[in-house]
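Here the protein sequences come in this chain order: X and C. Just so we're aligned, residue 1 is where the first sequence starts under UniProt numbering, counting upward by one. Just so we're aligned, residue 1 is where the second sequence starts under UniProt numbering, counting upward by one. In this text, a Cβ means the ideal position worked out from N, Cα and C, and glycines have one as well. Notes to accompany the following structure.
Protein chains: 2
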Amino acid sequence: MARWGGRARPAMQVPSPSVREAASMYGTAVAVFLVILVAALQGSAPAESPFPFHIPLDPEGTLELSWNISYAQETIYFQLLVRELKAGVLFGMSDRGELENADLVVLWTDRDGAYFGDAWSDQKGQVHLDSQQDYQLLRAQRTPEGLYLLFKRPFGTCDPNDYLIEDGTVHLVYGFLEEPLRSLESINTSGLHTGLQRVQLLKPSIPKPALPADTRTMEIRAPDVLIPGQQTTYWCYVTELPDGFPRHHIVMYEPIVTEGNEALVHHMEVFQCAAEFETIPHFSGPCDSKMKPQRLNFCRHVLAAWALGAKAFYYPEEAGLAFGGPGSSRFLRLEVHYHNPLVITGRRDSSGIRLYYTAALRRFDAGIMELGLAYTPVMAIPPQETAFVLTGYCTDKCTQLALPASGIHIFASQLHTHLTGRKVVTVLARDGRETEIVNRDNHYSPHFQEIRMLKKVVSVQPGDVLITSCTYNTEDRRLATVGGFGILEEMCVNYVHYYPQTQLELCKSAVDPGFLHKYFRLVNRFNSEEVCTCPQASVPEQFASVPWNSFNREVLKALYGFAPISMHCNRSSAVRFQGEWNRQPLPEIVSRLEEPTPHCPASQAQSPAGPTVLNISGGKG
Amino acid sequence: MARWGGRARPAMQVPSPSVREAASMYGTAVAVFLVILVAALQGSAPAESPFPFHIPLDPEGTLELSWNISYAQETIYFQLLVRELKAGVLFGMSDRGELENADLVVLWTDRDGAYFGDAWSDQKGQVHLDSQQDYQLLRAQRTPEGLYLLFKRPFGTCDPNDYLIEDGTVHLVYGFLEEPLRSLESINTSGLHTGLQRVQLLKPSIPKPALPADTRTMEIRAPDVLIPGQQTTYWCYVTELPDGFPRHHIVMYEPIVTEGNEALVHHMEVFQCAAEFETIPHFSGPCDSKMKPQRLNFCRHVLAAWALGAKAFYYPEEAGLAFGGPGSSRFLRLEVHYHNPLVITGRRDSSGIRLYYTAALRRFDAGIMELGLAYTPVMAIPPQETAFVLTGYCTDKCTQLALPASGIHIFASQLHTHLTGRKVVTVLARDGRETEIVNRDNHYSPHFQEIRMLKKVVSVQPGDVLITSCTYNTEDRRLATVGGFGILEEMCVNYVHYYPQTQLELCKSAVDPGFLHKYFRLVNRFNSEEVCTCPQASVPEQFASVPWNSFNREVLKALYGFAPISMHCNRSSAVRFQGEWNRQPLPEIVSRLEEPTPHCPASQAQSPAGPTVLNISGGKG
């Protein structure tokens with residue numbers, strides 16, 4: 001656990017009620033730069049970098065964030081590098097990356113000096129100083145590279161204007177102040193140059209498993225791609241394993257990002273193609289190109305996935321992901337998502353993923369299992385909903401049949417929805433009681449789908465139930481959004497990575513179609529026969545004809561919470577395990593896990609009541 | 001506003017982390033009684049009694065509570081008289097009078113001394129000292145009458161273990177400690193002699209209107225009743241106004257409780273009989289007696305109502321309640337509810353109500369209007385519900401038609417449900433937005449139905465909507481509870497007292513019966529035709545045959561929140577105003593009032609961290 005900086009206090013912290021008073025106190029100090037030294041920081045610096053995690057915030061690379069996590073203190077230490085400071089910067093977090101209702105730390109200047117304060121923006125983007133200062137400045141240092149700000153913040157602050165830092169995606173926001181201010185309160189974020197960056201802040205602190213002595217590496221990179229001058233590009237590149245490449249275990253992988261392109265390479269995935277095809281044509285080009293060979297659509301088995309801000313992915317010491325050898329395709333597809341909002345042209349890139357693999361196969365093959373909802377239109381979200389929840393089940397009957405007696409161990413998870421997904425969670429239930437969260441993301445974004453190592457391996461026994469719930473926002477839709485493969489349809493999936501591998505590839509559910517049919521008839525009856533939900537119509541057509549009044553919405557919710565389900569308990573995407581899987585009862589859950597309430601740090605009352613005054617440039621006083 | 005005792009501190013308050021340490025510090029003090037003086041208390045005592053409100057807590061009269069309210073400080077000052085102190089007492093509040101999950105103040109003794117502390121009981125009745133001490137002892141004084149404890153508490157404390165003191169009913173609880181304790185934590189309330197008393201703690205602070213010079217009084221009392229030796233008796237007594245008694249205005253009334261029977265007389269009401277009957281036979285006896293004349297059932301027009309802990313009821317200066325004169329019955333029925341849990345026998349009582357009336361009629365007649373749900377079985381509560389809400393409407397169409405252009409002014413309210421009612425609230429909405437609470441009781445009890453003067457008169461304009469919602473608990477029912485007159489059926493009514501009187505006596509609603517019929521057919525369809533909801537069956541029979549799974553519950557809720565309503569917009573209980581009142585749309589509410597969140601007093605951090613040590617008897621140390 002990182003303990004540096006633990007109980008440190010900035011030497012010049014001013015608990016003053018009035019910023020102007022404080023400013024005049026220090027306004028006379030003329031110094032080119034002033035370092036607020038933190039004694040503890042210098043005492044016991046850890047061997048490796050104190051900030052293991054890095055991310056560029058803006059596409060120009062003006063702001064760069066590094067951070068470290070103390071789970072013991074429930075605190076994050078941030079280091080923000082501001083390469084070209086004008087009159088100040090804003091940095092913070094918000095629910096989904098908006099600059100309104102954001103939790104902010106602001107470095108700002110007036111004619112007298114510079115200040116650092118915990119602030120927040122209201123729903124109109126107006127910035128206010130926080131009555132409780134939870135971002136605590138530890139050091140401010142000007143270097144040739146730029147200004148370094150070191151500060152810390154507890155995960156939870158108990159301040160209703162503050163963001164609660166949770167597991168999963170965090171939407172970081174930033175903004176630039178161009179001119180000195182009269183006061184902090186004069187800032188409205190709508191008038192600033194701002195942006196957002198998604199990242200998993202609370203990375204798990206998992207000890208790195210030792211790599212086998214014979215570990216070799218293989219780089220899957222699209223060589224010398226000319227990044228297109230457009231905001232979004234998915235680049236597809238096909239490569240192949242050497243002829244006769246035998247079965248190996250992937251034990252780790254890491255990103256290779258071409259230097260200078262750190263802010264452009266958003267995410268990358270390596271897929272294995274279907275073994276059915278003898279060969280797959282080589283290709284290097286945009287995935288939506290008309291030139292793309294059709295067969296690339298059959299390269300969907302994930303071998304590795306990386307997204308911005310992630311570090312290396314390690315398999316548990318006992319397990320590895322098999323690739324190569326008979327029965328598997330030699331062909332791999334690399335997909336690189338370039339995010340180029342400034343429409344930079346002429347930039348070349350050779351980013352990709354470096355696989356670490358061993359011929360000395362580990363004890364267990366790792367596997368990937370799909371949990372959640374089956375891809376069917378019977379599961380639908382009414383339009384204009386702000387938080388509609390759909391739930392998919394992996395029932396006790398399926399796990400009883402398909403899992404080994406000793407159970408399986410889930411060590412990583414990739415959550416997946418299409419465009420309207422806002423939250424995803426998978427919960428484990430045993431004997432009708434929810435016992436554990438497998439993975440939860442309360443700020444899930446379909447634009448940021450990482451494979452995440454779990455903080456704690458979750459063991460699933462035969463007879464356990466896995467419940468995956470997705471929350472959708474369809475405020476911008478005029479018709480119901482049905483389940484399906486299309487980008488405007490929805491999914492609710494958790495790809496869990498586990499070992500030992502089993503034959504169970506897919507454990508998902510959907511409402512019984514007969515009960516949905518009763519629902520359409522009911523809607524028909526309650527709406528004075530105005531609506532024709534013709535029995536010949538398809539399910540999407542029937543959903544499209546529902547008048548979405550409160551009753552039809554509530555009854556659909558009640559139906560999904562009550563009606564029996566069709567289980568998809570499958571060996572592969574089409575082959576079910578033997579048994580009766582239609583009209584299965586919903587798992588009965590008698591005891592739910594409660595959302596954890598953040599416990600308020602005892603040190604809360606000790607935080608300064610006003611902003612910290614600092615002097616980072618020639619004062620005028 | 002009462003300001004005495006404002007910033008007072010007990011002289012011996014010990015902010016000690018350890019009770020035992022504190023005990024040993026003071027254990028050597030030997031004093032028969034010790035007074036903790038409060039300087040501020042002696043400075044500026046108000047002219048009238050500092051404790052305008054009184055209530056006996058236990059039927060033996062051992063504990064007597066007096067209190068005063070400072071709305072400016074949002075604090076209640078309590079004076080608890082303990083007539084026969086053994087080893088200690090518990091006093092406090094809980095949601096519905098249970099001794100578990102109660103917010104308690106405890107006076108307890110060990111071998112070294114006596115202590116006063118803020119405590120709470122968990123769901124098993126185990127008592128714990130509160131980490132935040134919000135009951136603050138101001139004085140402890142032994143007198144020949146008993147021990148007086150003076151303490152105060154803010155309405156809200158922001159401590160999750162504390163009760164929030166709100167408008168409406170408060171369930172006070174108490175208990176007696178028979179033996180000295182090793183520690184507070186050794187108390188479990190299940191082993192004690194305990195009880196509950198309901199009271200409206202937050203009485204409104206309304207200036208008393210001046211009474212007319214010619215005010216006369218009339219006492220309606222059942223003379224010399226021998227209180228039956230049983231727990232519950234409703235006593236009925238018929239009396240009459242003098243022959244030719246002309247029209248008067250009642251301007252005030254107050255209880256007359258026979259001395260010594262304060263803990264036995266639970267509530268009293270005076271009703272006027274229906275004018276249709278020339279005469280009503282005289283009677284004095286239990287209301288459920290077979291000897292009771294049938295005609296007494298037609299004496300239901302409330303003239304006055306009082307319940308334990310209430311003081312005098314005043315009409316606003318501009319209005320009075322008409323009685324006497326042509327067109328109204330001369331006959332009155334007094335109903336007294338004796339609550340006799342100790343089954344005391346041989347006690348005689350002549351309690352009743354004293355009416356203050358004037359012949360100089362005031363400008364306005366006061367009226368009573370029924371809001372809420374019509375008495376019909378179409379509104380029903382499924383069994384096993386902990387908090388099922390039914391809502392009745394007084395629509396804009398009805399108020400537009402029936403109220404005068406200048407509107408009406410509601411100054412008092414009596415909430416009414418049968419046995420499963422737990423909360424009642426009436427909200428005023430204008431132009432689709434909720435603007436004001438007319439009356440709310442979050443701890444409503446059907447055993448405690450007072451007419452309550454409102455803290456603030458609520459004006460209702462033509463076109464306004466009045467929404468009355470009742471929350472029911474049917475955990476102990478096996479079948480649905482339908483609306484109706486029977487004691488096992490339910491009601492949801494707010495009798496509002498207002499002026500000027502209008503012809504609108506009843507403004508209530510119920511779901512459209514046609515839509516309920518559709519619901520029964522839907523239930524039939526969704527439950528595999530197992531249930532026969534025969535179309536010939538009555539509504540209660542149909543409700544009795546519904547299998548109460550989650551779907552049928554949720555859909556009933558959705559139906560009540562969506563289906564059109566039948567309006568009862570009536571001149572008298574049977575005569576509707578002219579117009580179409582069937583299949584009316586539900587009022588559309590675009591903006592709801594939020595439940596007020598208690599704002600935490602700034603002084604909170606100053607409260608002592610441990611109990612207060614006091615010495616009220618000869619110490620042993």
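Apart from the five residues on each side of it in sequence, which residues of its chain come closer than 6 angstroms, Cβ to Cβ, to residue i?
{"i": "F388 (chain X)", "result": "I381 and Y472"}
{"i": "L150 (chain C)", "result": "Q79, L138 and R139"}
{"i": "P223 (chain C)", "result": "S350"}
{"i": "D396 (chain X)", "result": "G463 and V465"}
{"i": "G229 (chain X)", "result": "V343 and T345"}
{"i": "D365 (chain X)", "result": "A322 and Q501"}
Would you kindly work out how many angstroms separate the C-alpha atoms of residue i and residue j, rounded to a whole number?
{"i": "Q73 (chain X)", "j": "F155 (chain X)", "result": "9 angstroms"}
{"i": "Q123 (chain C)", "j": "S351 (chain X)", "result": "60 angstroms"}
{"i": "K292 (chain C)", "j": "A102 (chain C)", "result": "42 angstroms"}
{"i": "V613 (chain C)", "j": "Q136 (chain C)", "result": "12 angstroms"}
{"i": "F520 (chain X)", "j": "S572 (chain X)", "result": "32 angstroms"}
{"i": "E370 (chain C)", "j": "K518 (chain C)", "result": "29 angstroms"}
{"i": "W235 (chain X)", "j": "C287 (chain X)", "result": "5 angstroms"}
{"i": "E490 (chain C)", "j": "R477 (chain C)", "result": "12 angstroms"}
{"i": "V32 (chain X)", "j": "K86 (chain X)", "result": "Below a pLDDT of 50, predicted positions are generally treated as unreliable, and V32 (chain X), at 23, falls in that range; the measurement from the model is reported next regardless. Those two C-alpha atoms are separated by around 15 angstroms."}
{"i": "R363 (chain X)", "j": "V555 (chain C)", "result": "53 angstroms"}
{"i": "G421 (chain X)", "j": "V482 (chain X)", "result": "13 angstroms"}
{"i": "G244 (chain C)", "j": "G325 (chain C)", "result": "7 angstroms"}
{"i": "R354 (chain X)", "j": "T169 (chain X)", "result": "24 angstroms"}
{"i": "I467 (chain C)", "j": "L303 (chain C)", "result": "25 angstroms"}
{"i": "G117 (chain X)", "j": "D130 (chain X)", "result": "8 angstroms"}
{"i": "P52 (chain X)", "j": "Y148 (chain X)", "result": "16 angstroms"}
{"i": "Q133 (chain X)", "j": "T157 (chain X)", "result": "9 angstroms"}
Is it the case that the Cβ atoms of residue i and residue j are separated by a distance below 9 angstroms?
{"i": "T426 (chain X)", "j": "S413 (chain X)", "result": "yes"}
{"i": "L196 (chain C)", "j": "G97 (chain C)", "result": "yes"}
{"i": "R333 (chain X)", "j": "V238 (chain X)", "result": "yes"}
{"i": "L586 (chain X)", "j": "Y375 (chain X)", "result": "no"}
{"i": "L241 (chain X)", "j": "I437 (chain X)", "result": "no"}
{"i": "residue 644 (chain C)", "j": "F562 (chain X)", "result": "Coverage of chain C is limited to positions 1 through 621, which leaves residue 644 (chain C) absent and any answer about it impossible."}
{"i": "Y560 (chain X)", "j": "T391 (chain X)", "result": "yes"}
{"i": "A210 (chain C)", "j": "E317 (chain C)", "result": "yes"}
{"i": "K455 (chain C)", "j": "I206 (chain C)", "result": "yes"}
So residue i and residue j are in contact, right, with Cβ under 8 angstroms, and what is the actual spacing, rounded?
{"i": "S591 (chain X)", "j": "E434 (chain X)", "result": "6 angstroms"}
{"i": "I565 (chain X)", "j": "G432 (chain X)", "result": "About 16 angstroms separates the two Cβ atoms, so there is no contact after all."}
{"i": "R300 (chain C)", "j": "I280 (chain C)", "result": "Incorrect: roughly 12 angstroms between the Cβ atoms, too far for contact."}
{"i": "residue 654 (chain X)", "j": "H416 (chain X)", "result": "Given that chain X is displayed from residue 1 to residue 621, the structure contains no residue 654 (chain X) and the question cannot be resolved."}
{"i": "G61 (chain X)", "j": "A263 (chain X)", "result": "6 angstroms"}
{"i": "S459 (chain X)", "j": "H409 (chain X)", "result": "5 angstroms"}
{"i": "A305 (chain X)", "j": "E450 (chain X)", "result": "7 angstroms"}
Going by DSSP, which residues form a beta bridge with residue i?
{"i": "G325 (chain X)", "result": "The partner list for G325 (chain X) (beta bridge, DSSP) is empty, contrary to what the question assumes."}
{"i": "G349 (chain C)", "result": "This sequence places Asp at residue 349 (chain C); Gly is not what is there. Partner(s): C:V225."}
{"i": "L80 (chain X)", "result": "X:L65 and X:L149"}
{"i": "V511 (chain X)", "result": "X:I565"}
For residue i, collect the residues of the same chain with a Cβ closer than 7 angstroms to its Cβ; drop the 5 residues on either side in sequence, then sort them by chain order.
{"i": "L99 (chain X)", "result": "S121, G125, V173, G175, T189 and T194"}
{"i": "A480 (chain C)", "result": "A380, I381, P382, P383, F543, A544 and V546"}
Within the same chain, show all residues whose beta-carbon is closer than 8 angstroms to that of residue i, passing over the 5 residues directly before and after it, in chain order.
{"i": "V89 (chain X)", "result": "L63, L80, V82, V106, L107, Y174, G175, F176 and L177"}
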